[in-house]
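Here's the structure, in structure tokens; my notes come after.
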Amino acid sequence: MTVWENVFIIVLVSSSRNLQSPMYFFLQQLSLCDLLGSSNIVTSLLPTVINGEATLSLVGCIAQYSFFCVPEVFECLLLAVMSYDRYVAICIPLSYTSIMSDRVCVKIMLMLWAIAFSISVIAVNSIGTLQFCDQNPINHFFCDLSPLLKRSCSDTFFVQLEVMIVTIPVVISPFILITVSYMCIAHAILKIVSNTGRQKAFSTCSSHLAVVSIFYGTLIAIYVVPPRNQSQTLSKVLSLLLTIMIPLINPMIYSLRNKDINGALKGNIYLYFRIFPTSYT
């Protein structure tokens with residue numbers, strides 16, 4: 007279901023002229039990010055659900071973590087860019103087309119993917135310096151950082167410090183940008199005189215605000231709250247929410263009440279039946 011929903015968004019945005027705008031280009035990138043992240047986790051989650059356990063080598067486990075790290079870092083950065091896009095659209099609409107041009111959007115996405123891959127390489131390189139002395143199973147759905155470090159017989163302090171120094175700016179800086187952007191957006195919306203104008207402006211941001219709240223709330227609960235304050239079961243449930251449920255509900259949140267996406271879907275369905283008419287007898 008998660009795969010089909012995100013593939014649907016990617017294909018719909020690519021094939022619909024009405025969705026050729028920065029807002030939907032970023033939504034397409036978010037769906038691609040969710041598709042890559044969830045596919046990576048599901049490959050190890052299915053054997054665990056079916057057989058009760060899944061066997062993965064140390065190299066395979068670290069590789070899975072690296073492929074998990076890339077889309078998560080990218081999504082943190084992308085949500086900040088999407089909030090800035092909404093800020094420009096609402097607060098300085100006359101400059102929107104020049105600030106968020108197609109070329110600028112493509113360059114931003116390439117830069118975000120490059121940063122995400124770089125952070126992943128740094129994190130994996132740090133983990134690679136550790137020694138793993140036993141083959142004890144990881145009590146988790148997938149190979150996340152915390153379960154990996156618990157299985158190491160080396161001192162993990164400096165690795166944790168290095169990963170923290172690298173990843174905290176990737177999480178905190180986007181969160182600050184998102185907060186400032188929405189403070190400016192709220193200030194601009196309050197200046198709108200008509201209720202219709204306020205509702206229209208708020209509706210363009212409500213879906214993104216919901217996605218940001220769910221994503222960052224889960225992220226903080228997993229990686230910021232001290233592990234001693236939550237049980238292993240709760241940690242696994244939160245990780246499942248981050249890796250499976252959020253990619254599942256993101257397309258629903260963005261498309262459920264979006265007139266542009268619903269209109270593009272109806273247009274594609276109409277075009278399909280025009281090209282491939284069905285005859286009834």
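Take the sequence shown: its position 275, counting from 1, is numbered 281 in our numbering, and each next residue is one higher.
Just so you know, even glycine gets a beta-carbon here, dropped at the ideal spot from N, CA and C.
task = Measure how close the beta-carbons of PHE80 and CYS111 come, nearest whole angstrom, since I'm counting them as under 8 Å.
result = PHE80 to CYS111, Cβ: 15 Å. No contact.
Answer with buried or exposed for SER200, where buried requires no fewer than 16 other C-beta atoms within 10 angstroms of its C-beta.
exposed
- prompt: With C-beta atoms as the reference, is PHE164 less than 7 Å away from LEU64?
  reply: no
**Report entry** N- and C-terminal bounds of the alpha helix (DSSP H) containing ILE133
**Finding:** 108-134
- Under a Cβ-count criterion, where at least 16 other Cβ atoms within 10 Å of its own Cβ denotes burial, should PRO185 be classed as buried or exposed? Note that residue 185 is Thr in the sequence shown here, rather than Pro. With fewer than 16 other Cβ atoms within 10 Å, it is exposed.
Is it right to say ASP150 is buried, meaning 16 or more other beta carbons lie within 10 angstroms of its own, or is it exposed? buried
Query raised in the report: Alpha carbon to alpha carbon, how far is VAL127 from VAL76?
Result: 9 Å
field: ASP150 - DSSP class collapsed to helix/strand/coil
entry: coil
With a threshold of 8 Å on Cβ separation, who are the neighbours of PHE147 within its own chain once the five nearest residues in sequence on each side are excluded? ILE47, SER50, LEU51, THR54, LYS242, SER245, LEU246 and THR249
task = Could you tell me if ALA192 is buried or exposed, where buried requires 16 or more neighbouring beta carbons within 10 angstroms of its beta carbon?
result = exposed
Please classify TRP119 as buried or exposed, where buried requires at least 16 other C-beta atoms within 10 Å of its C-beta.
buried
inquiry  = Rounding to the nearest angstrom, what Cα-Cα distance links VAL13 and MET189 in this structure?
reply    = 33 Å
### Message
Could you compute how far the alpha carbon of SER132 sits from the alpha carbon of GLN35?
### Response
28 Å
With C-beta atoms as the reference, is ILE16 less than 7 Å away from SER37?
-> yes
Let me check understanding here. Comparing Cα to Cα, which of LEU42, ALA227 and VAL87 lies closest to CYS211? VAL87
| Alpha carbon of SER72 to alpha carbon of ILE198, nearest angstrom | 46 Å
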